[in-house]
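*Asks:* Below you will find the structure I want to go over with you.
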Amino acid sequence: MDVNKLSEKLKLAEINNCLPKVVIPVHFAGHACDMKKIKELADQYHFKIIEDASHAIGGKYLGKPIGNCNYSDITVFSFHPVKIITTGEGGVCTTNSPELSEKIKMLRTHGITRDPKQMAAKDEGDWYYEQIHLGYNYRITDIQCALGISQLKKVDVFVKRRADLVERYNEILKTLPLIKPTELEYATSSHHLYVIRLDREKTRKTRRKIFDELRSAGIGVNVHYIPIYKQPYYKKIKIFSEFPVSEFYYETAITLPLYPELNEINFISKKLHEALECREVVG
363 MDVNKLSEKL
373 KLAEINNCLP
383 KVVIPVHFAG
393 HACDMKKIKE
403 LADQYHFKII
413 EDASHAIGGK
423 YLGKPIGNCN
433 YSDITVFSFH
443 PVKIITTGEG
453 GVCTTNSPEL
463 SEKIKMLRTH
473 GITRDPKQMA
483 AKDEGDWYYE
493 QIHLGYNYRI
503 TDIQCALGIS
513 QLKKVDVFVK
523 RRADLVERYN
533 EILKTLPLIK
543 PTELEYATSS
553 HHLYVIRLDR
563 EKTRKTRRKI
573 FDELRSAGIG
583 VNVHYIPIYK
593 QPYYKKIKIF
603 SEFPVSEFYY
613 ETAITLPLYP
623 ELNEINFISK
633 KLHEALECRE
643 VVG
């Protein structure tokens, strides 16, 4: 999230009397947004902050682990099968607010409480409970939790391995007409994804052509992500706005494979050089 662009949008929203109640910075690919500056804007414009750290477990901001909520109200993590650690499905919310913590725990269990202090009626006995919010079943199983706890103990090892692979990618792809991921001084990325962007002025082929050639070579490239406003559901609700940065990013992005067991970076580099019609230089 570009803090300068956010500031401009908030100024405009204030003029139009439509300031947001919540802003959700996304730590895309594992790289933290500049949360301190976003918090300064939150204090100025009075909105809450929910960090989307689905990609960022094991990452750091200003030397401290993402999820400490020093500059946000809530941080959410994903444990989907493709994430850095997994429980099969599910995730975690962190917060420094006791009130939010209690409400989150209640909402995950159908809005039900057994705490007499929160009940409207007199406690009738050990069996008694009350539903005081419209919640849902957002619980994962004990087995999934055990898997997550065991993987959490290894998260630093996983992130270190990813950082080593990213360093190798950066070195071996440095001569190609690509925009490689950057890591700003305030952040230590968890490197969930390695997204390259094609330099359209220096690349004759389309992104689709390069993507298809890499897939044909057996390389599991992907595109993260399709802008949500392009989806049919959101087209129906008619979002009247322009997103030039999203459009430019989407048209040029390709995600290269990145996972701890990856040992084919030289092969991936070779095929990427071929797809871009560049002479390969392997260090």
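The end of the sequence shown is residue 645 by the working numbering, with every number in the run present. Heads up, the beta-carbon is just placed ideally off N, CA and C, and yes, glycines get one too.
For the beta strand (DSSP E) containing R559, list its first residue and its last residue.
*Replies:* By one-based count along the sequence shown, residue 559 stands at place 197. Y556 to L560 is the extent of the beta strand (DSSP E) around R559.
*Asks:* In this structure, what does DSSP give as the bridge partners for C455?
*Replies:* Along the sequence shown, one-based indexing puts residue 455 at 93. The partner list for C455 (beta bridge, DSSP) reads V438.
*Asks:* Does the beta-carbon of T544 have 16 or more other beta-carbons within 10 angstroms, so that it is buried, or is it exposed?
*Replies:* Looking up residue 544 in the sequence shown gives position 182. Result: exposed.
*Asks:* What residues match up with D414 in a beta bridge as DSSP calls it?
*Replies:* Counted from its first residue, the sequence shown places residue 414 at position 52. Note: D414 sits in a beta bridge opposite V388 and V438.
*Asks:* With DSSP as the reference, identify every bridge partner of N584, one or two as the case may be.
*Replies:* For the purposes of this step, residue 584 is taken as the residue at position 222 of the sequence shown. DSSP output for N584 lists T617 as bridge partner(s).
*Asks:* Can you round the beta-carbon distance between T448 and Q406 to whole angstroms, since I take them to be within the 8 Å contact cut?
*Replies:* Counting from one through the sequence shown, the residue named residue 448 turns up at place 86. Counting from one through the sequence shown, the residue named residue 406 turns up at place 44. So it is not a contact: roughly 38 Å between Cβ atoms.
*Asks:* What number of angstroms, rounded off, separates the C-alpha of L496 from the C-alpha of I474?
*Replies:* The residue labelled residue 496 in the question sits at position 134 within the sequence shown. The residue labelled residue 474 in the question sits at position 112 within the sequence shown. The alpha-carbon atoms of L496 and I474 are separated by roughly 9 Å.
*Asks:* Establish whether the CB of I558 and some CB of chain B are separated by less than 8 Å.
*Replies:* Included in the structure is just one protein chain, with no chain B present.
*Asks:* Per DSSP, what kind of secondary structure is K367 in: helix, strand or coil?
*Replies:* Locating residue 367 in the sequence shown gives position 5, counting from the first residue. Reduced to three states, the DSSP call for K367 is helix.
*Asks:* Buried or exposed: which applies to K373, given that a residue is buried once 16 or more other Cβ atoms fall within 10 Å of its Cβ?
*Replies:* Translated into positions along the sequence shown, residue 373 becomes position 11. Exposed.
*Asks:* On the three-state DSSP scale, how would you describe L546?
*Replies:* What you label residue 546 is simply residue 184 of the sequence shown in a count that begins at 1. In this structure, L546 counts as coil in the three-state DSSP scheme.
*Asks:* Where does R562 land, buried or exposed, given buried means 16+ other C-beta within 10 angstroms?
*Replies:* In the sequence shown, counting from the first residue as 1, residue 562 sits at position 200. Exposed.
*Asks:* Need the endpoints of the alpha helix (DSSP H) that C395 sits in, please.
*Replies:* The sequence position of residue 395 within the sequence shown is 33, counting from 1. It is not in any alpha helix (DSSP H) - C395 carries neither H nor E in the DSSP assignment.
*Asks:* If we ignore side chains and look at the alpha-carbon of each, how far apart do E626 and L618 end up?
*Replies:* Counting from 1 along the sequence shown, the entry for residue 626 is found at position 264. Counting from 1 along the sequence shown, the entry for residue 618 is found at position 256. Approximately 11 Å between the Cα atoms of the pair.
*Asks:* What first and last residue would you give for the alpha helix (DSSP H) that runs through I627?
*Replies:* Residue numbering aside, residue 627 sits at position 265 when the sequence shown is read from its first letter. Where I627 is concerned, the enclosing alpha helix (DSSP H) stretches over I627 to A637.
*Asks:* What number of angstroms, rounded off, separates the C-alpha of K592 from the C-alpha of E604?
*Replies:* Residue numbering aside, residue 592 sits at position 230 when the sequence shown is read from its first letter. Residue numbering aside, residue 604 sits at position 242 when the sequence shown is read from its first letter. Taking the straight line joining both Cα atoms gives about 12 Å.
*Asks:* Can you tell me the Cα-Cα spacing of N379 and Y498, whole angstroms?
*Replies:* Residue mapping note: residue 379 aligns to position 17 of the sequence shown, counting from 1. Residue mapping note: residue 498 aligns to position 136 of the sequence shown, counting from 1. One C-alpha to the other measures close to 33 Å.
*Asks:* Indicate whether G429 and S552 have their beta-carbon atoms separated by less than 8 Å.
*Replies:* If you number the sequence shown from 1, residue 429 lands on position 67. If you number the sequence shown from 1, residue 552 lands on position 190. Taking 8 Å as the Cβ cut-off, G429 and S552 do not qualify as a contacting pair.
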